[in-house]
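I have placed the structure first, in the form of structure tokens, so that the comments after it can refer back to it.
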Amino acid sequence: MGLTSMIATLTGRGSQTYPPGPRLPTYVQSVLYLKYREWFLPSLARSFGDVFSLRVPPYADDLVVFAAPNAIGEIFRAHPSKLHAGEGNQILGFVMGEHSVLLADEDAHRRVRGLLMPAFNGAALRGYRSMITELAHAEAASWKPGHDTSILQAMNRLTLDIIITVVFGVTDPETKAELVRRLDAIINIPPAIFVGFIFPRLQRIPPWKGFADNQARIDAILYREIRSRRAATDLHDRTDVLSRLIRVEADTDEPLTDAELRDQLISLLLAGHETTAAALAWTLWELARNAELQATARAAALDGDEKYLEAVLKEGMRRHTVIVSTARKLTQPTVIDGHRLPEGTVVNTSILLAHNDPRNHPQPEEFRPDRFLGANPAPNTWLPFGGGVRRCLGAGFALTEGTIILSEILTRWELTTTRDREQPYVRNITTVPKHNAVLRLTPLESRRNQ
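So that you can map any letter, position 356 of the sequence shown is 377 in the numbering used here, and since no number is skipped, the others follow by simple counting.
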């Protein structure tokens, strides 16, 4: 009997409180959920339907996964006092910090989100465009003709450069290079490192000590930049997020402390680049596989048709779900989609299952940007930025950044794949191309001269 068949014969954890779920050992559930979710979650949906339970510590001892749009909508519309997203994301706390907008709830979340929002509104996005274009142009121009290029690595490099510039306004090459190197070490955390945050004494010995020392060095850089910016005399001429935060907080009764600023900055740096980099890598991989779609996207780029390029990026985000879910922890017994769940339950909106459900997106295995032209998808069926009051602050920034990057690449290079298939690989909390989406690059001028 295969594992999927075995799961289908099992009917819950022996409790009437939770919906049915697999009776696999807790450790097995955790490993399958955290490392093999692209296969595991669809197999559970086939067995149990649109709602099922899991036990997946350290993420959640009691997790209930919802995949139906109406249930997802209930969760997103629920009062923030009943469903704490910050508590549901506590696994991120060891890096993001206790004050992070991703970990705060209720009044603390409203306060921090209100301070951050002006840095990502329409006027701010228009101010970032020339900088994004300049950095994207330089990255695409640096690629070598005929070389096999890791698009995932290139997009990680570019989006990190962009977010460091946007968040900090850092132009010093040495500071930027050190931040890039040290942040990369945080992004690529080996699973064993997580143990050091459960048992802090391990941080005194390798390899945990090296990770802790790296974090301390990042903090030193961040605090140095915060002190420098507070003392700057040209603050009102600066457009980076740090300068904006310090300007805005000066007009509030509760200015952010240095520690609070640090936590917001590290959260923006980490959340604001890896997800976009992975989405772009998957999108470019799909375009490289389909010459006709690539030609259509290139024509749109040459014509300045950002609506089509945005549709391409949105379909890349749907077809390859980079963040598979959002999480909320119940602060009191709550009924969701007819299921009464006890306090402490973590409810999970499955972005992965919603994006791959043929009821939401016909022929979901096909890459079809036209899904996003002319009409928006039905509510709660396309969710790369989450939803409700916790919807990603940087959604508009990510789409603007992504369309500019696609335009710069497509107007310079023709892309072809170097392997028949690319597989999803879970790296920390994101799902990236396992083989780095390696593509072969041909300059458009060379192709025209053939």
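Cβ atoms here follow ideal geometry from the backbone N, Cα and C, with glycine treated the same way.
Checklist entry - Grouping DSSP H, G and I as helix and E and B as strand, with all else coil, what is Thr296? => result helix
Checklist entry - How big is the Cα-Cα spacing for Met117 and Asn110? => result 10 Å
Checklist entry - Who are the Cβ neighbours of Glu327 in its own chain at under 6 Å, not counting the five residues just before and after it? => result Thr424
Checklist entry - Can you list, in chain order, the residues of its chain whose CB lies under 6 Å from that of Arg469, leaving out five sequence neighbours each side? => result In this prediction, Arg469 has a pLDDT of 48, which is less than 50 and means its spatial position is unreliable; what the coordinates show is noted afterwards. So the list is empty, once near-sequence residues are dropped.
Next on the checklist: Measuring only the C-alpha atoms, how far is Thr38 from Glu108?
Outcome noted: 21 Å
Item to check | alpha helix (DSSP H) segment containing Ser64, residue limits | outcome: Run containing Ser64: 58 to 69, per the alpha helix (DSSP H) assignment.
Item to check | Within 8 Å, strictly: CB atoms of Trp303 and His257 | outcome: no
Next on the checklist: Measuring only the C-alpha atoms, how far is Ala129 from Pro385?
Outcome noted: 39 Å
Item to check | Nonlocal neighbours in the same chain, by C-beta distance under 6 Å from Arg433, ignoring five residues either side | outcome: Ala161
Item to check | Simplified DSSP state of Val459, which is helix, strand or coil | outcome: strand
Item to check | Nonlocal neighbours in the same chain, by C-beta distance under 6 Å from Thr154, ignoring five residues either side | outcome: Here the set comprises Ile425.
Next on the checklist: Could you tell me the alpha carbon to alpha carbon distance between Gln471 and Leu427, rounded to whole angstroms?
Outcome noted: For Gln471, the predicted structure reports a pLDDT of 45, less than 50, and the residue's modelled location is therefore unreliable. The matter cannot be settled from this model.
Item to check | Rounded straight-line distance, which links the Cα of Ala198 to that of Trp164 | outcome: 19 Å
Checklist entry - Just curious, the beta strand (DSSP E) that Ile357 is in, first and last residue? => result 355 to 357
Checklist entry - Under the three-state reduction of DSSP, which class applies to Glu443: helix, strand or coil? => result coil
Checklist entry - Per DSSP, what kind of secondary structure is Ala280 in: helix, strand or coil? => result helix
Checklist entry - Within this structure, are the beta carbons of Ala300 and Leu266 separated by less than 8 Å? => result Result no, Cβ atoms of Ala300 and Leu266 do not sit closer than 8 Å.
Checklist entry - Tell me which same chain residues have a C-beta within less than 8 Å of the C-beta of Lys103, skipping the five on either side of it? => result Leu351, Thr352, Gln353, Thr355
Checklist entry - Pro464 and Pro166 look like a contact to me (Cβ under 8 Å); what is the Cβ gap, rounded to whole Å? => result In this structure Pro464 is in contact with Pro166, their Cβ atoms being roughly 5 Å apart against a cut-off of 8 Å.
Checklist entry - Do you know how far the Cα of Asn377 is from the Cα of Leu511? => result Since the first and last residues shown for the chain are 22 and 471, residue 511 lies out of range.
Next on the checklist: For a test of the three-state rule: what should DSSP assign to Glu108, helix, strand or coil?
Outcome noted: Three-state result, Glu108: helix.
Checklist entry - Can the beta-carbon of Val85 be found closer than 8 Å to that of Asn369? => result yes
Checklist entry - Comparing alpha-carbon positions, which option in Asp126, Glu422, Arg98, Pro46 lies nearest Asn177? => result Glu422
Checklist entry - Hey, would you say Asn457 sits closer than 8 Å to Leu173, going by beta carbons? => result Taking C-beta atoms as the reference points, Asn457 and Leu173 count as a pair closer than 8 Å.
Next on the checklist: Please list the terminal residues of the continuous beta strand (DSSP E) segment that includes Pro454.
Outcome noted: Unbroken beta strand (DSSP E) run through Pro454: 451 to 454.
Item to check | Stretch pair the stretch 380 to 399 + the stretch 280 to 299: three plus CB contacts closer than 8 Å | outcome: Put simply, the stretch 380 to 399 does not touch the stretch 280 to 299. Fewer than three CB pairs are less than 8 Å apart.
Checklist entry - For the putative contact between Val72 and His360, defined by C-beta atoms under 8 Å, what is the C-beta separation to the nearest angstrom? => result Sure, about 7 Å apart at Cβ, within 8 Å.
Checklist entry - Ile247: beta carbon under 7 Å from a heavy atom of the ligand NAP? => result For the structure depicted, the ligand NAP is absent and the ligand set is empty, with no information on it obtainable.
Checklist entry - Using the beta-carbon count (16 or more within 10 Å), is Asp234 buried or exposed? => result exposed
Item to check | One or two residues paired with Leu84 in a DSSP bridge | outcome: Leu75, Val367
Checklist entry - Got a sec? Which residues, its chain only, sit under 6 Å from Glu59 by beta carbon, not counting five neighbours each side? => result Pro445
Next on the checklist: Contact criterion: CB-CB distance below 8 Å. Does Lys350 meet it with respect to chain B?
Outcome noted: Looking at the structure shown, chain B is missing, and only one protein chain is on hand.
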